[in-house]
Amino acid sequence: MFYLSENTLKLSRYFFKGALLYPCINFFKKFLLKKYKARQSYVIISPLYNCAKYLDDFLLSIINQRLDFKRNITLILVDDGSNDESFFIIKKYLKKYPKNIHYIYKQNEGVSSARNLGLSYLKKSDIKATFVNFADSDDILDRNFFYEMDKFLTKKNDKNLAMLCANFIFYRERRVVRYKDSHSLNFKFKKTCVKDIKNLDTFIQLATNSVLFKREFLDDNLHFEKDLSYGEDVIFILTFFLQNYDKKVAFLKEARYYYRKRFNKTSLLDSSPSRVKYKLIYADFFEEILRKYKQDLGFIPSFLSNTILYNIFYFVDGLLNVKNEEIKSLNLSFHLRKIFTLLPNEHIVNFKLCGIKHFHKIGFFHLFKNETLQAKQRVFIEKLDEKKDELLLSFFYAKNYENFLKNSKITAEKIRKISFLDEDFVYEKRLWIKFDEAFKKDFDHRAFILEFKGKELKNLNQLYKELKSLKKRRARNDKIWLFADSNLRADDNAEHLYRYLRHKRIDKKIYFVLSKKSEDFKRLFDEGFNLVDLNSFKFLYLLFRADKIISSHIDRYFYGAFGKNTLVTKDFIFLQHGILEKEISAWLNQRKIDLLITSAKPEFKSFVDESAYKLSEKEVKLTGLARHDRLLTLKKEKKYILIMPTWRRDIVGAFSKKLGTRRINKNFTQSLYFKKYNELLSSYELLNFCEKNSYELCFNPHPNILPYLNFFRLDKGIKLANGKNLQELFAKTALLITDYSSVAFDVAKLSKPVLYYHFDKESFFLTQWQSGYFDYEKDGFGAVCKNLNELLAELYKNEKCEFKEPFLSRARAFFAFNDGKNCERIYKEILSLDL
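Here is the structure:
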C-alpha cells in the first residue's frame, strides 16, 4: 500500500508528458538542424506591459526557432506603457537584430489598442510577411512552432487556407509537472486536420496568440475591440470567420504554443464584480456578432453557437449559488436572455463541450429562454447504499415534473435549489429509494432515462452487479473505527467522542489518528488513547480495513489515501469542527458524507431544507457537538477579555505542497486585517478597560496568522493563548471579541457575551466564504461593530461582562440541546448506519 492523493491520480496521465516527455523533447530539439529557407514569411505582433520578468524567455523562444529567425520572421513589439525594465531588455535584442525586431512605445490603453497599433504599423511598413501571429510576450513558442507551420504550408498549398492553429499547452511556473496538455479543446489536435470554416462545429478557436492568420484575408477594418479587456480574441476570430466564411482552418498537432500560467496570477474565471462587469461588455458583443451572422448568412452556424455557449457556460456556472448584491445589480439575466433568444434551441441541446451537464441546459432554457427543455426525464444514480439496498436518485426540473416513481419506496428526499444570483435556475430532486421489485416495476415502465456512471441503463443488471461487488468489499472491513481531529491537533469533537466511547467500552476496535509531531500526542498517549501515527504504514493498513471514519475535519489523507474511491465502502462521519453558519455547499458537496452532525435547528434546516446542499435527513442529524458535553461541566470564571478572530484567505500566502505549509505574504502588514487588529490590540482604551475592571487581555490568533505574530504591537500585559485547552480558555473568558469565527457559538453556549468586529464584512463574504442562514445583526449573540470606536463603546457599556437580552434569549433558542448527552446521541446515530 502507498499514499496516492485524489489529485495525484487525476494528474497521473499528464505526469509522464508534463514532467518528463516535454522537457526531454524540448532539450533534444535544440540539436535539430535549422531550416533556413521558408515557404512563407511570418510576422509576430506582440503587445507587452510590465513583463520584464518573462521577456527573455519569450524573445529567445522566437530567436532560437528552428525556422531561421533572421531570414523568415519579423517581430513587432508594442510596448503599452511599461514602467519596468522591459525596454532595457528589448534594447539589447534590437541592437543584435535591427532588421527583425521593431519596437513601438505607446501610452497604456490595453492589449487591444496595442495589437491594433501593431496591425496599423504592419500595413504602413514594407514588411513582406504572408502570415500574422499575435503571441503574448509572457508566453513561449515551441522551437518547432514556425518550422511545423511552414512544413505544413509546403505540403498543403491551399489558397483558401486562412488560419493555422497550434496546440495550446499550459506552462505552469514552479511546478513539477510544468507542461500540461489539458485544455478542454485539445481534442482538436489529436491529429493534424483541415476544416472548412462553415463546418467547424466543435472545433472552435478562442485565442489569437497560438494562431497564424493569412495576411491577405485580414480585412482592413478588422480590429481588436478596445472596449474589451476580456475576450477580445474571440470577437476578433469570429469576425474573421464571418469575413472568410468560405475559407479553411488547419489544426496542427505538432505545432505547440506554451501558455504561461503565472504562479500568482488571478484567474479570469473568478466572480469578482469588476471581472463580471468586463464579461458583461463581452456578452453585449456576443449579441452583436450573432446579429451580424444572422444578417449576412441568414442563419447561425453551429460553431458560432458553440463558441458563445463555451464562454457563457463558465461565466454562468461560476455564478451559480453565488450571493453578491453588487453583481446582482448588474442585471446579468437581462443581457444573457438577449443572447439566448438568438441561439437556436438545437444548438443548446447538442452542446457537449466544457463538461456541461444536463441541468445546465434545463436552466438555460428556463431562465434565459423562458422555455422548457423538451426531453425525456433523465434520472441519475448518484450513490448506492449496499448495506440498506438503497439508491440515491437525482433528477432536475425547472418548474414542475411528472411523478415517474409510482411504486418505489422513498426513504428520504431533498429538493436542492440551484440559483443564478437569487433567480431560480433549476431544482434538483434527490431521493433515496429501496432497490427492490417496486423500483424495477417503475423502471420497466420506461417513463424516464436512467443513467449510471455516465451511461444510460437498458436494464438493471449492472446495478445488481455493482451492489454485489460493494457488499463483498464492505464485508472485508473489520470492526475498526478511526477517529481524528486535524493532523497536528486534537482537543476537538473527535477526541471528546473517542473518550466517551472508550469509557463506554464498545465492542469496536477504536483508534485515534494523529501525527507524532503533534503536541497533543504525548498527552493522549499518557491518557491511554490507542494512538496511530498519521504518517505510518499502520495508519494506511487500518484505513484500508476500517469500517468507519469519524472526524471533525474532512482531510485528504482520509478521502484520497487510495484514490477517489477510498471511502466508497466505508462510512464517513463528519462531526464538524464547529457550528456551521456560513454557506459552503460548493466545497462540501464534493465529499462523501454518510453522517453529518449539527447542533442547532437553524443549522440543521440549512442543510436539509431547500438549499444548495446535497445532503438530506438521511445523512444530517441534530445531536449537538461532542465537545460541548464537557464544556458545560467546566467551572465558569470571568478572567479574560478574549480576542479571537478567524483568518483571511487573501492576506496569507498560498499553500505550498512542497513545503507542507503556507508561504509567507510579505505584504501582510499592508492588509486592513492587520491594521485593524493591531490598532485594537494596542488600544489604550482597551488596555485601560481591562486594568480598571481586573480583566486580563488575551489574544488567540488563528493558526494561519501565527507566522505574522511578531508584527503586532503587543503590550507586555497581553496574554498569548497557544491554541491549547480552548474549552478551559472559553470557561475563563469574561467576554469574547471576534469577527466571523464559529468560536462565538462555544462562548454563547456558556452564556457569555460576544462582540463582533465587522470592519470588512463585504470583502470577507466575497473572498472568504458566502453568508449563510445566520444573520449577525438579527441572530448574533452580541453587538456588531464596524469600527474601533463602536467596539470600545459597546465594551464600556458592559463592564461586568453580563450576557444580556436579547442575546441571552437568542442563545437559548438557538441550541437544540443543553443536557450533556450529545456524545450519546451521536453514538446512536452512528450505530443506526448499520441498521
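Residue 358 in the UniProt record's numbering sits at position 358 of the sequence shown; the count goes up by one each step and never skips. Glycine residues also receive a C-beta, built at the ideal position from the N, C-alpha and C atoms.
**Study point:** Inter-residue spacing [alpha-carbon to alpha-carbon] between Ile289 and Lys198
**Key:** In the sequence shown, residue 289 corresponds to position 289, counting from 1. In the sequence shown, residue 198 corresponds to position 198, counting from 1. Answer to the nearest angstrom: the Cα atoms are 16 Å apart.
Margin query: What would DSSP say about Ala207, mapped onto helix, strand or coil?
Written below: Along the sequence shown, read from residue 1 onward, the residue named residue 207 stands at position 207. DSSP, read as helix, strand or coil, puts Ala207 in coil.
Review point. Which value, in whole angstroms, describes the spacing of the CA atoms of Ile362 and Phe168?
Key: Your numbering for residue 362 matches position 362 in the sequence shown. Your numbering for residue 168 matches position 168 in the sequence shown. Each residue's alpha carbon lies about 31 Å from the other.
How far does the beta strand (DSSP E) with Trp432 in it reach, from first residue to last? Residue 432 sits at position 432 when you count from the first residue of the sequence shown. For Trp432, the uninterrupted beta strand (DSSP E) segment begins and ends at Glu423 to Lys434.
| Close-in-space but distant-in-sequence residues of the same chain around Lys440 (CB under 8 Å, 5 per side omitted) | Locating residue 440 in the sequence shown gives position 440, where the first residue counts as 1. So the list reads Leu460, once near-sequence residues are dropped.
Exercise for review: In the DSSP assignment, find the alpha helix (DSSP H) that holds Cys698 and state where it starts and stops.
Suggested key: Here the question's residue 698 lines up with position 698 in the sequence shown. Counting along the chain, Cys698 sits inside no alpha helix (DSSP H); it lies in the beta strand (DSSP E) bounded by residues Glu696 to Phe699.
Under the three-state DSSP convention, the category Pro707 falls into:
Here residue 707 corresponds to residue number 707 of the sequence shown, with the count starting at 1. The answer is helix: DSSP assigns Pro707 an H, G or I state.
Check whether the Cβ atoms of Tyr557 and Leu524 lie closer than 8 Å to each other. Against the sequence shown, residue 557 aligns to sequence position 557. Against the sequence shown, residue 524 aligns to sequence position 524. Contact: no.
Spatial neighbours of Asn244 within its chain, please: C-beta separation below 7 Å, excluding the five flanking residues on both sides.
Within the sequence shown, the letter at position 244 stands for residue 244. Hits under 7 Å: Ala162, Ile197 and Phe217.
task = Give the DSSP-derived three-state secondary structure of Ala600 in the structure shown.
result = If you number the sequence shown from 1, residue 600 lands on position 600. In the structure shown, Ala600 sits in a strand (DSSP, three-state: E or B).
- Message: Cutting at 6 Å between CB atoms, please list the residues of its own chain near Asp819, excluding the five before and the five after it.
- Response: By 1-based counting over the sequence shown, the position of residue 819 is 819. For Asp819, where only same-chain residues beyond five positions count, there are no Cβ hits under 6 Å.
message = Tell me the rounded alpha-carbon separation between Leu835 and Lys614.
response = In the sequence shown, counting from the first residue as 1, residue 835 sits at position 835. In the sequence shown, counting from the first residue as 1, residue 614 sits at position 614. Cα atoms of Leu835 and Lys614: separation of roughly 23 Å, rounded to the nearest angstrom.
| query | Apart from the five residues just before and just after His102, which ones in its own chain have a Cβ nearer than 6 Å to its Cβ? | reply | Start at 1 with the first residue of the sequence shown, and residue 102 comes out as number 102. Excluding positions up to five away in sequence, the list reads Ile76.
Helix, strand or coil for Glu519? Go by DSSP, reduced to three states. Locating residue 519 in the sequence shown gives position 519, where the first residue counts as 1. Three-state result, Glu519: coil.
Point to revise | Status (buried if at least 16 other CB within 10 Å, exposed otherwise) for Pro806 | key: As a first step, residue 806 must be located in the sequence shown, where it is residue number 806. Pro806 is exposed by the Cβ-count criterion.
| said: Relative to the C-alpha of Lys516, which candidate in Phe359, Tyr498, Arg489 and Gly355 has its C-alpha closest? | reply: As a working mapping, residue 516 is identified with position 516 in the sequence shown. Arg489 is the residue among Phe359, Tyr498, Arg489 and Gly355 whose C-alpha sits nearest the C-alpha of Lys516.
Quick one: grab the DSSP three-state call for His553.
Residue mapping note: residue 553 aligns to position 553 of the sequence shown, counting from 1. For His553, the secondary structure class from DSSP, reduced to helix, strand or coil, is coil.
Three-state class that DSSP yields for Lys248 in the structure shown: The residue given as residue 248 occupies position 248 in the sequence shown. Looking at Lys248 - three-state DSSP - the assignment turns out to be strand.
- Can Ile410 and Trp432 be called in contact, C-beta distance under 8 Å? Within the sequence shown, numbered from 1, the residue matching residue 410 stands at position 410. Within the sequence shown, numbered from 1, the residue matching residue 432 stands at position 432. In this structure, Ile410 sits near Trp432, with a CB-CB distance shorter than 8 Å.
Report task. Would you decide whether Trp587 is buried or exposed? Buried here means 16 or more other CB atoms lie within 10 Å of its CB. Result -> Here residue 587 refers to the residue found at position 587 when the sequence shown is read from its first residue. It is exposed - the Cβ of Trp587 has fewer than 16 other Cβ atoms within 10 Å.
| field | Element boundaries [alpha helix (DSSP H), containing Thr239] | value | Here residue 239 is taken as the residue at index 239 of the sequence shown, counted from 1. Where Thr239 is concerned, the enclosing alpha helix (DSSP H) stretches over Glu232 to Gln243.
* Bounding residues of the alpha helix (DSSP H) (the contiguous stretch that carries Ser113) -> Along the sequence shown, one-based indexing puts residue 113 at 113. From DSSP, the alpha helix (DSSP H) with Ser113 extends over Val111 to Lys124.
### Message
Suppose contacts are defined by Cβ-Cβ distances below 8 Å. Is residue 844 in contact with Ser656 by that definition?
### Response
This structure does not reach residue 844, given that the chain is present from 1 up to 835, and the question cannot be answered.
Top-ranked residue by Cα proximity to Tyr171, from Ser184, Ser229, Asp142 and Cys165 = Translated into positions along the sequence shown, residue 171 becomes position 171. Checking every option, the nearest Cα to that of Tyr171 belongs to Asp142.
Do the region 741-750 and the region 630-647 meet, that is, are 3 or more Cβ pairs less than 8 Å apart?
The region 741-750 vs the region 630-647: in contact.
**Q.** 8 Å contact criterion, which Phe251 and Lys188 should meet: CB distance rounded
**A.** As a working note, residue 251 is residue 251 in the sequence shown. As a working note, residue 188 is residue 188 in the sequence shown. The C-beta distance from Phe251 to Lys188 rounds to 5 Å, short enough to meet the 8 Å contact threshold.
Report task. Taking only the alpha-carbon atoms, compute the straight-line gap between Ala628 and Ala731 and give it to the nearest angstrom. Result -> As a first step, residue 628 is located in the sequence shown; it is residue number 628 there, counting from the start. As a first step, residue 731 is located in the sequence shown; it is residue number 731 there, counting from the start. Reading off the sequence, residue 628 comes out as His, not Ala. Distance between the alpha carbons of His628 and Ala731: 12 Å.
Assuming Ser302 is part of the alpha helix (DSSP H), what are its boundary residues?
On the sequence shown, position 302 is the one that residue 302 refers to. Run containing Ser302: Ser302 to Asp317, per the alpha helix (DSSP H) assignment.
What are the start and end residues of the beta strand (DSSP E) that includes Ser46?
-> For the purposes of this step, residue 46 is taken as the residue at position 46 of the sequence shown. Counting along the chain, the beta strand (DSSP E) containing Ser46 begins and ends at Tyr42 to Leu48.
Please list the terminal residues of the continuous alpha helix (DSSP H) segment that includes Asn345.
Locating residue 345 in the sequence shown gives position 345, counting from the first residue. Annotation for Asn345: the continuous alpha helix (DSSP H) segment containing it runs Asn345 to Asn350.
- Those runs of the alpha helix (DSSP H) which lie wholly inside the region 143-173 and span at least 4 residues: 145-155, all fully within the region 143-173.
* Asked: Do you know offhand how far Leu11's Cα is from Ser611's?
  -> In the sequence shown, residue 11 corresponds to position 11, counting from 1. In the sequence shown, residue 611 corresponds to position 611, counting from 1. Unreliable positioning characterises Leu11 in this predicted model, as indicated by a pLDDT of 49, which lies under 50. A coordinate reading is not provided.
Residues in its own chain within less than 8 Å of Ile339 by CB, not counting five upstream and five downstream?
In the sequence shown, the residue the question calls residue 339 occupies position 339. Excluding sequence neighbours, Ile339 sits near Ala283, Phe286, Glu287, Leu290, Ile308, Ile312 and Phe368.
Inset, instruction - Keeping to the same chain, check which residues put their C-beta closer than 7 Å to that of Ala129; ignore five residues upstream and five downstream. - result: Start at 1 with the first residue of the sequence shown, and residue 129 comes out as number 129. Excluding residues within five positions, the ones whose Cβ falls inside 7 Å are Ser41, Tyr42, Val43, Thr74 and Arg215.
Under a Cβ-count criterion, where at least 16 other Cβ atoms within 10 Å of its own Cβ denotes burial, should Asn688 be classed as buried or exposed?
-> Against the sequence shown, residue 688 aligns to sequence position 688. Asn688 is exposed by the Cβ-count criterion.
Inter-residue spacing [alpha-carbon to alpha-carbon] between Leu808 and Leu622: Reading the sequence shown from its first residue, position 808 is the one you call residue 808. Reading the sequence shown from its first residue, position 622 is the one you call residue 622. C-alpha separation (whole angstroms): 22 Å.
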